[in-house]
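**Student:** I have a structure here, written as structure tokens, and I will follow up with some questions on it.
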Amino acid sequence: MAKVAFFPEKPLEIIIYYIIFASMINQQLLKPKSIVVVGGSNNVHKPGGSIVRNIISGGFNGPLYIVNPKEDEVQGIKAVHDVKDIPQTDLAVLVVAAKYCPDYVDFLCAEKGVRAFVIISAGFGEETKEGAALEQRILDTCEKFGAALIGPNCIGLLNRNHHSVFTLPIPQLNPQGVDFVSGSGATAVFILESAVIKGLQFNSVWSIGNGKQIGIEDVLMYMDEHFDPETDSKVKLLYIENISNPDKLLFHACNLIRKGCRIAAIKAGSSESGSRAASSHTGAIASSDSAVEALFRKAGIVRCFSREELTTVGCIFTLPPLKGRNFAIVTHAGGPGVMLTDALSKGGLNVPHIEGPLADELKSKLFPGSSVANPIDFLATGTPEQLGTVIDYCESKFDHIDAIAVIYGTPGLTQLYEAYDVLDQKIRECKKPIFPVLPSLHTAGPEVEEFLKKGHVNFSDEVTLATALSQVMNTPPPAPPEVQLYGIDIPRLNKIIFRETSRLKFEGLRSGYLAPDTVREILACAGIPLVPEMVSTSKDELTAFAQKVGFPVVAKVVGPVHKSDVGGVALNIRTPEHLALEFDRMMQIQDATGVMVQKMLKGTELFIGAKYEERFGHVVLCGLGGIFVEVLKDVSSGLAPLSYGEAWSMIRSLRGYKILKGTRGQRGINEQKFADIIVRLSTLLRFATEIKEMDLNPLLADENDIVDVDARILIERED
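Using this note's numbering, the letters of the sequence shown map in sequence onto residues 1 to 719.
Dropping the structure here:
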């Protein structure tokens, strides 16, 4: 079976791209031997002072130079008034007005050997055209001298070698902590605050600001190309405001995850793009946010929607990976255990019943009134020793349990230090992951803090934990780097597309919808089952066709895009006379160019749509069909070409999936054939970028077959 790579369209250009635009990240940026802060001051309440404070408190072990025209000494370090007076230096941190930055960069590169810059200053391309020109001048100088550039308009760079950031908090740093990359400085601070409270440790924090030279994709590329599985962090968290190079992000994220890393990300700004959902037909529901969703699904990135969710997923990533969906909930407070049970179940995870001799044996070791049915509630009077006993049973004796959530706060009856010591010991000993939910941050702050200092994390809210767990478990692995062609007739497809784009050019049109017969030709290239149909302006031809395939039939007007809105659909036509009446009526509809007659079929209505998104490629959607796709918008998205794993993930993530499985005595649909059609269409689309929108709505499905009964395709010729 033929295969293609992820980038079948322009592989040569991509190879050249990676040769020419290799990462500018260098050792002077990551591990400088010397640093100069231009604009450093004694006022720690301003960026120039706070960044000096953080570099000093971070234990930077090389020479630190301060340039300040008004101060002789800054925070105990002798300052110079002019940048000309510093020696050769590796890294420069600029905290001065934007208008001065280009001259500093020119001089430091040419005269002082600086090969890395962190520019904190704002007032560049994010504000004015004049600022953009200043920013471009800085970039040109950095490119000329081979210097790395972080920013401008950022909070800085933090790693275990230097703390060149001006903000707090400074998280606990650990080689196996999280690598965090953010497109927003202020948001990075909020995310760090959320993480520190949970005990999440970091290896590095990158605030890329405007990302003029080094963007989030570039940081991932560097981490991928220099990844050492023995020493490097295996958890990456991203806050993204703009994806400038989707292919690059996809390629390196997939590589890192295949190397054993785990990645979670927030993509902000979805609501504005989501407003574009209403368009010519349902294929256009694929907004830019759908493209992001599809990209993350293909890459295996866990998508998050808030900083609490992102840092919670980060904490989950630090624990042993889940090998199943069955949770035991251990608690001495019944209510939180019930809420966690509900939230886990809603997210597709299980809290199975625990019963039998082993359950009775465990219950005998607890105080009267305890429950072991799951949640395991060992009461507010339960002891730390009993907590340890319950965890031991879940770890060693209850084989159907895959993970343990421990909700243990302060009922005022036990010593939390002792209980948390037990929890610390069990987390280190057990092979099954243990998720500590310690909600008493106000009344038991010192105890929780002591627990976190031992290297653990804390999920203070059980519902947030369950939501994050479901996101992790429902994120598929990265798609395979090669995609099989599944018998798609690409030569025939190319001929059809060439013919139709040539027709558009001859007619002086840029784009247009294809005729029904041409749509059927294209779908046939992918082996999509089609309902028997005929399009004609002849009443007699259509009547003969209906008699041939057998009544009842369906009649649809050809021409108007939304047939239902103009009364252009008639169902359950059982006689030639009825068909003749509908034909006459439909031909009077405005823009009507003919009438289509189809054999009438029954089944569950499905939908598959696609839209070409610039830089991303084709976004493919699936869901329940008919008018419900527009009303409910219960759709899943994927990025063409799709693997079967991605197609299954899309189908099963639908809110209406239970309908597809069969409910209330009705049989489900043939899911395998649904996945087949999704995969085949996505592969076809990868080789037809001229197709800008596609809409198969509805497809009719039962337990045996799926047949398309209505499809539209919009093409656009490419110069």
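For every residue, glycine included, the Cβ atom is placed at its ideal position computed from N, Cα and C.
Within the continuous beta strand (DSSP E) that includes ASP695, where are the two ends?
**Tutor:** Along the sequence shown, one-based indexing puts residue 695 at 695. Taken as a continuous stretch (DSSP letters only), the beta strand (DSSP E) holding ASP695 covers 691-701.
**Student:** Could you check if TYR612 is buried or exposed, using at least 16 other CB atoms within 10 Å of its CB as the buried criterion?
**Tutor:** Along the sequence shown, one-based indexing puts residue 612 at 612. Buried, by the Cβ-count rule.
**Student:** Comparing alpha-carbon positions, which option in ASP517, GLU671 and LYS432 lies nearest LEU699?
**Tutor:** As a working note, residue 699 is residue 699 in the sequence shown. Answer by Cα proximity: GLU671.
**Student:** Around the Cβ of PRO321, are there at least 16 other Cβ atoms within 10 angstroms (buried) or fewer (exposed)?
**Tutor:** On the sequence shown, residue 321 is found 321 positions in, with the first residue counted as 1. Its Cβ having fewer than 16 others within 10 Å, PRO321 is exposed.
**Student:** In terms of residue numbering, what span does the beta strand (DSSP E) encompassing ILE138 cover?
**Tutor:** For the purposes of this step, residue 138 is taken as residue 138 along the sequence shown, with counting starting at 1. Note, ILE138: premise wrong, no beta strand (DSSP E); alpha helix (DSSP H) at 129-145.
**Student:** Give a yes or no on whether the C-beta atoms belonging to LEU514 and ILE715 are separated by under 9 Å.
**Tutor:** Position 514 of the sequence shown, counting from 1, holds the residue named residue 514. Position 715 of the sequence shown, counting from 1, holds the residue named residue 715. Yes, they are a contact pair.
**Student:** On the DSSP letters alone, give me the boundaries of the beta strand (DSSP E) that GLU716 sits inside.
**Tutor:** By one-based count along the sequence shown, residue 716 stands at place 716. Residues 711-716.
**Student:** What separation, rounded to the nearest whole angstrom, lies between the Cα atoms of ILE706 and ALA647?
**Tutor:** Along the sequence shown, read from residue 1 onward, the residue named residue 706 stands at position 706. Along the sequence shown, read from residue 1 onward, the residue named residue 647 stands at position 647. If you take the alpha carbons of ILE706 and ALA647, they lie about 15 Å apart.
**Student:** Output the distance between the C-alpha atoms of ARG717 and PRO491, rounded to the nearest integer angstrom.
**Tutor:** Here residue 717 is taken as the residue at index 717 of the sequence shown, counted from 1. Here residue 491 is taken as the residue at index 491 of the sequence shown, counted from 1. Computed Cα separation, rounded: 18 Å.
**Student:** Quick check on the DSSP output: what are the complete beta strand (DSSP E) runs of length 3 or more inside the stretch 403-473, in order along the chain?
**Tutor:** Here the runs fully enclosed are 403-407 and 434-437.
**Student:** For ASN242, which three-state DSSP category applies?
**Tutor:** Stepping through the sequence shown from its first residue, residue 242 is reached at position 242. If DSSP states are grouped into helix, strand and coil, ASN242 belongs with coil.
**Student:** Could you name the residues of the same chain whose beta carbon sits closer than 6 Å to that of VAL196, not counting the 5 residues immediately before and after it, in chain order?
**Tutor:** As a working mapping, residue 196 is identified with position 196 in the sequence shown. If we look at VAL196 and ignore the five residues flanking it on each side, its Cβ neighbours are PRO169 and PRO171.
**Student:** Go through its chain and collect everything with a Cβ distance to ALA701's Cβ below 6 Å, but skip five positions before and after it.
**Tutor:** Position 701 of the sequence shown, counted from the first residue, corresponds to residue 701. Once the five neighbours on either side are set aside, the close Cβ partners of ALA701 are GLY603, THR604, LEU606 and ILE669.
**Student:** Using the Cα positions of ASP424 and LYS454, report the straight-line distance between them to the nearest angstrom.
**Tutor:** In the sequence shown, the residue the question calls residue 424 occupies position 424. In the sequence shown, the residue the question calls residue 454 occupies position 454. The alpha-carbon atoms of ASP424 and LYS454 are separated by roughly 8 Å.
**Student:** Just how far apart, CA to CA, sit LEU64 and ALA610?
**Tutor:** Walking along the sequence shown from the start, residue 64 turns up at place 64. Walking along the sequence shown from the start, residue 610 turns up at place 610. Their Cα atoms are separated by approximately 55 Å.
**Student:** What does the alpha-carbon distance come out to for the pair THR543 and THR663?
**Tutor:** Numbered from its first residue, the sequence shown carries residue 543 at position 543. Numbered from its first residue, the sequence shown carries residue 663 at position 663. Roughly 38 Å between the two C-alpha positions.
**Student:** Between which two residues does the alpha helix (DSSP H) carrying CYS720 extend?
**Tutor:** No information on residue 720 is available, as it lies outside the stretch 1 to 719 that the chain covers here.
**Student:** When burial is assigned at 16 or more other CB atoms within 10 Å of the CB, is ALA147 buried or exposed?
**Tutor:** In the sequence shown, counting from the first residue as 1, residue 147 sits at position 147. By the 10 Å Cβ count, ALA147 comes out buried.
**Student:** Within the same chain, show all residues whose beta-carbon is closer than 8 Å to that of ALA132, passing over the 5 residues directly before and after it, in chain order.
**Tutor:** Along the sequence shown, read from residue 1 onward, the residue named residue 132 stands at position 132. Only PHE124 and GLY125 meet the Cβ criterion.
**Student:** In angstroms, rounded to a whole number, what distance separates the CA positions of GLU614 and PRO641?
**Tutor:** Here residue 614 corresponds to residue number 614 of the sequence shown, with the count starting at 1. Here residue 641 corresponds to residue number 641 of the sequence shown, with the count starting at 1. So the alpha carbons of these two residues sit roughly 15 Å apart.
**Student:** Which value, in whole angstroms, describes the spacing of the CA atoms of GLU127 and VAL96?
**Tutor:** Here residue 127 is taken as the residue at index 127 of the sequence shown, counted from 1. Here residue 96 is taken as the residue at index 96 of the sequence shown, counted from 1. Near 16 Å, if we compare the C-alpha coordinates of VAL96 and GLU127.
**Student:** Could you give the DSSP three-state label for LYS599: helix, strand or coil?
**Tutor:** Taking the sequence shown and counting its residues from 1, one reaches residue 599 at position 599. Of the three classes helix, strand and coil, the one that applies to LYS599 here is strand, per DSSP.
**Student:** At which residues does the beta strand (DSSP E) containing TYR612 begin and terminate?
**Tutor:** Residue mapping note: residue 612 aligns to position 612 of the sequence shown, counting from 1. Residues 604-613.
**Student:** From GLU450 to LEU438, what distance separates their C-alpha atoms?
**Tutor:** Position 450 of the sequence shown, counted from the start, is the residue given in the question as residue 450. Position 438 of the sequence shown, counted from the start, is the residue given in the question as residue 438. Straight-line Cα distance between these residues: approximately 12 Å.
**Student:** CA-CA distance, LEU696 and ILE677?
**Tutor:** Here residue 696 is taken as the residue at index 696 of the sequence shown, counted from 1. Here residue 677 is taken as the residue at index 677 of the sequence shown, counted from 1. The alpha-carbon atoms of LEU696 and ILE677 are separated by roughly 11 Å.
**Student:** Roughly how many whole angstroms lie between the Cα atoms of GLU361 and ASP377?
**Tutor:** Position 361 of the sequence shown holds residue 361. Position 377 of the sequence shown holds residue 377. In a straight line, the C-alpha of GLU361 is about 15 Å away from that of ASP377.
**Student:** If you follow the alpha helix (DSSP H) that TYR513 is part of, which residue opens it and which one closes it?
**Tutor:** For the purposes of this step, residue 513 is taken as residue 513 along the sequence shown, with counting starting at 1. Not the alpha helix (DSSP H): TYR513 falls in the beta strand (DSSP E), residues 511-513.
**Student:** Quick check: the stretch 179-196 against the stretch 304-312, are at least 3 beta-carbon pairs closer than 8 Å?
**Tutor:** Touching, yes.
**Student:** What span of residues does the alpha helix (DSSP H) with HIS720 cover, start to end?
**Tutor:** The structure shown has nothing for residue 720, since the chain only spans 1 to 719.
**Student:** Please confirm whether GLY215 and ASN245 have their CB atoms less than 9 Å apart.
**Tutor:** Against the sequence shown, residue 215 aligns to sequence position 215. Against the sequence shown, residue 245 aligns to sequence position 245. Cβ atoms of GLY215 and ASN245: closer than 9 Å.
**Student:** Please go through the same chain and pick out, in chain order, the residues whose beta-carbon is closer than 8 Å to the beta-carbon of HIS400, but skip the five residues on each side of it.
**Tutor:** Position 400 of the sequence shown, counting from 1, holds the residue named residue 400. ASN326 and PRO352.
**Student:** Can you tell me which of VAL558, GLY156, SER511 and GLY594 puts its alpha carbon nearest to the alpha carbon of LEU540?
**Tutor:** Numbered from its first residue, the sequence shown carries residue 540 at position 540. Residue identity differs from the one stated: residue 540 is Asp in this sequence, not Leu. Looking at the Cα atoms, GLY594 is the closest of the given residues.
**Student:** Determine the direct distance from the alpha carbon of ARG520 to that of ALA526, and round the result to whole angstroms.
**Tutor:** Counted from its first residue, the sequence shown places residue 526 at position 526. Counted from its first residue, the sequence shown places residue 520 at position 520. Whole-angstrom Cα-Cα distance: 10 Å.
**Student:** Compute the beta-carbon to beta-carbon distance between SER184 and TYR239, rounded to the nearest angstrom, for a pair I have assumed lies under 8 Å.
**Tutor:** Start at 1 with the first residue of the sequence shown, and residue 184 comes out as number 184. Start at 1 with the first residue of the sequence shown, and residue 239 comes out as number 239. Yes, SER184 and TYR239 are in contact; Cβ-Cβ is about 6 Å, under 8 Å.
**Student:** If I measure Cβ to Cβ from VAL302 and keep anything under 8 Å in the same chain, skipping five residues before and after, which residues do I get?
**Tutor:** As a first step, residue 302 must be located in the sequence shown, where it is residue number 302. The answer, listed in chain order, is ARG262, ILE263, ALA264, ALA265, PHE296, VAL313, GLN471, VAL472 and THR475.
**Student:** Given a cut-off of 9 Å on the beta-carbon distance, is the pair ASP179 and LYS259 in contact?
**Tutor:** As a first step, residue 179 is located in the sequence shown; it is residue number 179 there, counting from the start. As a first step, residue 259 is located in the sequence shown; it is residue number 259 there, counting from the start. Going by C-beta atoms, ASP179 is not nearer than 9 Å to LYS259.
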